[in-house]
Amino acid sequence: MAGMVAAIKAKEKNADVTLVDKGYAGKSGSSPYAFWYAVFNPEWGHDLNAWMNHVNIIGEYVNNREWTEIVFKESYDRYQELVSWGVEFIKDEDGKVRIYRFPGIETESFQVKKRVFGQVIREQAKKTGVRIMDRIMMTDLLKQDGRIVGGMGIAMESADLYVFKAKAVVMCSGCSSFKPDGWPVSSLTGDGEAMAFRAGAEITGKEFNEPKSTSAIHPAPTMGMFLWRRDESSVSTRPDPGPPQVQALKGVNAEGTEVFGLVGSNFIELEFEAHAGRAPILSRTPEVQELIPMVGGAASGMSIHTAEGLWPVDTNGATTLEGLFAAGDSCGTMQVGAVYPGVGYAICGASVTGARAGRGAAKYAMQADKPEIDEKEITRLKKIIYGPMDRKGGFSPRWVTQVLRNTMIPYFIMYVKHEERMKAALTLVEFMRDHLAPKLTAKDAHELRLAIETRSIIHNAEMKLRASIFRKESRGTHYREDYPRRNDPEWLAWVILKQEEGEVKITKRPVPKKWWPDLSKPYEEIYLNRFPGE
Amino acid sequence: MSIERIDPELCNGCGICVNSCPMDVIRMDEEGKKAIIQYPEDCMLCGWCVVDCPEEAVYISPEKSSPLIVSWG
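Just so you know, the protein sequences line up as chains A and B, in that order.
Heads up: the first sequence begins at 93 in this note's numbering, then just goes up one per residue.
Heads up: the second sequence begins at 1003 in this note's numbering, then just goes up one per residue.
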């Protein structure tokens, strides 16, 4: 969504636009699973303050309110634009767009027609004059005199090298993950964030989580939601109980006690139940009475939609690197905060940030000098990119990925955090970074892709561990067993990671005080959710 | 197993499923001009191939096993 909208908006500003996609533009990234779209319109009786307060409170006050407001206010224009391009939204029998409301959630959402909208936007992009290059995996950004001047990538089937010169680059590579088998975020390996980090960009939001659960019987097609037949029925065993963010009743633990969670919290409560020795946890919702065993970690390694990635320095998605813009889940707008607080913010946010970044990048490109690229830099990166194919011996990317999963996915590392355990995991991840990643091998183009992805998920693990160790408090989906309370004076702040001279520099950037909650109120009134041990 | 089978009798060789797969699991058999499952272990069960196949030749299952971890590999 973000990439194609950005491309269209940049082209509308008369830029010469090439869209490069690791998959097939319109079907890659999160597009198989995207359908909720939040639309704010005061003419429908929506109250901006109420919508904002919902995100502020559930997001535990570390959302960037400027971005939250921008996305809500521009969601209707983007929705209308999508409709004008031919994107279909689900309608009721009376022909009006169906509005979805959920208990405990102030905001309302529409549904785009599943799986179809991507191709419709792709056609619009082609009609607008965007040049689309499918199945090319970008691997590195090209930097010259402190400015991003293009990137390099490989073709999926031939492994041929592609070098792109560009006056501006918009990064729209989605969120990161540990490439779990579970919830299908396997394609979201954070390659864009990793290459931007290597180039010196600031990264944020890594300490928060998307704690999705899944069926213990069929853990790969999470919750039965996403494995549709052609008629959109599910082939999995568990009926779709609705968006996990709105299920207050999360399940029944081994002691027979029903487990409830705060709206938006997804399933982090189940990780706490497991830690207390009360697994297995069986799912039961008001809609689905049959008890089915659940397990967690299905979206492991993912932070929160719209709240991780490249730190934007303005409201057009410009990043800390000149010439580099970001949009969608690659852009750490912190539009939501420490918790994904509802339904439909991700692709709504992707369309808004995509439009802004596309226009911003086009404006920048119009005044930018023609990029010059040092051939020595291309030669240097080429050697790194093809290293796994040139190497005679080493480790397979699938094995290294599995080692990383085994280190990072168990609940006691990223869901129930403790400094000692995270430092132990970081030691292993640093070993993978320094000793396994440089010895990755690939026997064909597909394995070369896997090797590059493996390098990216090692980066993601390191960033998530470092940010989580650094934030010495609990907040939203970041739970520290050793610091189980929020610490507002210290941590109403965003964590920023940056690479400088080969070292990871980590700092915090305060949330403006005007956005803080009223700290004179009792803690229990400010924060609705209780952490174990606080 | 996740993606289980592409029925060669039904496959018309259009190659749509190759493009549809975000995980690069499917390739074209240049000799047989049919789609083949080249990297089944990387299927993430998104179902694009099933939805997009005009001949309904692709079969997937919710079953998927994680690889056994060994000392090196």
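Just so you know, even glycine gets a beta-carbon here, dropped at the ideal spot from N, CA and C.
Between which two residues does the alpha helix (DSSP H) carrying G479(A) extend? The residue given as residue 479(A) occupies position 387 in the first sequence. G479(A) -> alpha helix (DSSP H) spans G479 to D482.
In this structure, how does DSSP classify P581(A) when only helix, strand and coil are distinguished? For the purposes of this step, residue 581(A) is identified with residue 489 of the first sequence, where counting begins at 1. Reduced to three states, the DSSP call for P581(A) is helix.
Check the C-beta distance from W583(A) over to R567(A) and give it rounded, since I have them as a contact under 8 Å. Indexing the first sequence from 1 puts residue 583(A) at position 491. Indexing the first sequence from 1 puts residue 567(A) at position 475. So it is a contact: roughly 7 Å between Cβ atoms.
Could you have a look at A291(A) and say whether DSSP puts it in helix, strand or coil? As a position in the first sequence, residue 291(A) is number 199, starting the count at 1. In the structure shown, A291(A) sits in a helix (DSSP, three-state: H, G or I).
Looking at the structure shown, is W61(A) part of a helix, part of a strand, or coil, going by DSSP? Because chain A spans 93 through 626 in this model, residue 61(A) falls outside it and cannot be assessed.
Ordered along the chain, which non-local residues of its own chain (more than five positions away) have a Cβ less than 7 Å from that of F127(A)? Position 35 of the first sequence holds residue 127(A). Only Q203, V204 and K206 meet the Cβ criterion.
Might you give, ordered along the chain, the residues of its own chain that have their beta carbon closer than 7 Å to the beta carbon of C1016(B), omitting 5 neighbours on each side? Counted from its first residue, the second sequence places residue 1016(B) at position 14. If we look at C1016(B) and ignore the five residues flanking it on each side, its Cβ neighbours are P1056.
Of all the options P336(A), F352(A) and Q337(A), which has the alpha carbon lying nearest to the alpha carbon of G343(A)? Walking along the first sequence from the start, residue 343(A) turns up at place 251. Of P336(A), F352(A) and Q337(A), the residue nearest in Cα terms is F352(A).
Cβ shell of N133(A) (< 6 Å), same chain only, five flanking positions each side left out: Numbered from 1 along the first sequence, position 41 holds the residue referred to as residue 133(A). These residues qualify, in order along the chain: Y168.
Contact check, V212(A) vs W177(A), beta carbons under 8 Å: Within the first sequence, the letter at position 120 stands for residue 212(A). Within the first sequence, the letter at position 85 stands for residue 177(A). Cβ distance < 8 Å, so V212(A) and W177(A) count as in contact.
Please classify Y615(A) as buried or exposed, where buried requires at least 16 neighbouring CB atoms within 10 angstroms. For this step, residue 615(A) is matched to residue 523 along the first sequence. Under this definition Y615(A) is an exposed residue.
Just the Cα atoms here: how many angstroms apart are R1029(B) and D1044(B)? Start at 1 with the first residue of the second sequence, and residue 1029(B) comes out as number 27. Start at 1 with the first residue of the second sequence, and residue 1044(B) comes out as number 42. About 13 Å.
Identify the continuous alpha helix (DSSP H) that holds P489(A) and give its terminal residues. Here residue 489(A) refers to the residue found at position 397 of the first sequence. Start and end: P489 to M500.
In chain order, which beta strand (DSSP E) runs of at least 3 residues are fully inside the stretch 1017-1047 of chain B? 1028-1031 and 1036-1039
Is the separation between the beta-carbon of S305(A) and that of A390(A) shorter than 8 Å? Residue 305(A) sits at position 213 when you count from the first residue of the first sequence. Residue 390(A) sits at position 298 when you count from the first residue of the first sequence. It is a contact, given that the beta carbons lie within the stated cut-off.
Can you find a CB in chain B that lies within less than 8 Å of the CB of A312(A)? For the purposes of this step, residue 312(A) is taken as residue 220 along the first sequence, with counting starting at 1. Taking Cβ atoms only, chain B reaches closer than 8 Å to A312(A), which makes this a yes.
Residue nearest to P372(A) in terms of C-alpha spacing, selected from Y478(A), E347(A), N358(A) and I396(A): In the first sequence, the residue the question calls residue 372(A) occupies position 280. Looking at the Cα atoms, E347(A) is the closest of the given residues.
Burial state of P489(A), where buried means 16 or more other Cβ atoms lie within 10 Å: The residue labelled residue 489(A) in the question sits at position 397 within the first sequence. Its Cβ being crowded by 16 or more others within 10 Å, P489(A) is buried.
E512(A) in three-state terms, based on DSSP: Here residue 512(A) corresponds to residue number 420 of the first sequence, with the count starting at 1. Looking at E512(A) - three-state DSSP - the assignment turns out to be helix.
Mind listing the chain B neighbours of G446(A)? Cutoff is C-beta to C-beta under 9 Å, in chain order. Within the first sequence, residue 446(A) is the residue found at index 354, counting from 1. Result: empty, since nearest Cβ-Cβ is about 19 Å, beyond 9 Å.
Are the beta-carbon atoms belonging to S612(A) and L174(A) less than 8 Å from one another? What you label residue 612(A) is simply residue 520 of the first sequence in a count that begins at 1. What you label residue 174(A) is simply residue 82 of the first sequence in a count that begins at 1. Not a contact, by the Cβ cut-off of 8 Å.
First and last residue of the uninterrupted beta strand (DSSP E) at S375(A): The sequence position of residue 375(A) within the first sequence is 283, counting from 1. From DSSP, the beta strand (DSSP E) with S375(A) extends over I373 to S375.
Report buried or exposed for T329(A), applying the criterion of at least 16 other Cβ atoms within 10 angstroms of its Cβ. Locating residue 329(A) in the first sequence gives position 237, counting from the first residue. Only weak support is given to the placement of T329(A): the predicted model assigns it a pLDDT of 49, under 50, and the value that follows is read from those uncertain coordinates. By the 10 Å Cβ count, T329(A) comes out exposed.
For the pair the stretch 443-453 of chain A and the stretch 405-421 of chain A, tell me if three or more CB-CB distances fall below 8 Å. yes
For M458(A), does the count of other Cβ atoms within 10 angstroms reach 16, so buried, or fall short, so exposed? The residue labelled residue 458(A) in the question sits at position 366 within the first sequence. The residue in question, M458(A), is exposed, as its Cβ has fewer than 16 Cβ neighbours within 10 Å.
If we call anything under 8 Å between Cβ atoms a contact, is G486(A) one with T533(A)? Here the question's residue 486(A) lines up with position 394 in the first sequence. Here the question's residue 533(A) lines up with position 441 in the first sequence. Cβ atoms of G486(A) and T533(A): closer than 8 Å.
Does any C-beta atom of chain A lie closer than 8 Å to the C-beta of E1065(B)? Sequence index remark: in the second sequence, residue 1065(B) carries index 63 (1-based). Chain A contact via Cβ: present.
Hey, is L1012(B)'s beta-carbon within less than 8 Å of any beta-carbon in chain A? The residue given as residue 1012(B) occupies position 10 in the second sequence. No, because no Cβ of chain A sits closer than 8 Å to the Cβ of L1012(B).
Taking 8 Å as the CB-CB limit, is N498(A) close to chain B? Locating residue 498(A) in the first sequence gives position 406, counting from the first residue. At least one chain B Cβ lies under 8 Å of N498(A).
So, under 8 Å CB-CB, T296(A) and S548(A) are touching, yes? Tell me the CB distance rounded to an integer number of Å. Counting from 1 along the first sequence, the entry for residue 296(A) is found at position 204. Counting from 1 along the first sequence, the entry for residue 548(A) is found at position 456. Incorrect: roughly 17 Å between the Cβ atoms, too far for contact.
Cα-Cα separation between M1025(B) and C1048(B), rounded to whole angstroms: Within the second sequence, numbered from 1, the residue matching residue 1025(B) stands at position 23. Within the second sequence, numbered from 1, the residue matching residue 1048(B) stands at position 46. Between M1025(B) and C1048(B), the C-alpha separation is close to 9 Å.
Taking the Cβ atom as the reference point for each residue, do K590(A) and E285(A) lie within a distance shorter than 8 Å? In the first sequence, the residue the question calls residue 590(A) occupies position 498. In the first sequence, the residue the question calls residue 285(A) occupies position 193. No, they are not a contact pair.
Going by the beta-carbon positions, is the gap between C1023(B) and C1051(B) smaller than 8 Å? Taking the second sequence and counting its residues from 1, the one referred to as residue 1023(B) is at position 21. Taking the second sequence and counting its residues from 1, the one referred to as residue 1051(B) is at position 49. Yes.
On the premise that D283(A) lies in contact with I544(A), defined as a C-beta separation below 8 Å, what is that separation, rounded to the nearest angstrom? Position 452 of the first sequence, counted from the first residue, corresponds to residue 544(A). Position 191 of the first sequence, counted from the first residue, corresponds to residue 283(A). Confirmed, Cβ separation roughly 7 Å.
Return no unless some Cβ of chain B is closer than 8 Å to the Cβ of M244(A). Numbered from its first residue, the first sequence carries residue 244(A) at position 152. Not an interface residue.
Interface residues of chain B around W491(A) at Cβ under 9 Å? Here residue 491(A) corresponds to residue number 399 of the first sequence, with the count starting at 1. Result: P1069, I1071, V1072, W1074 and G1075.
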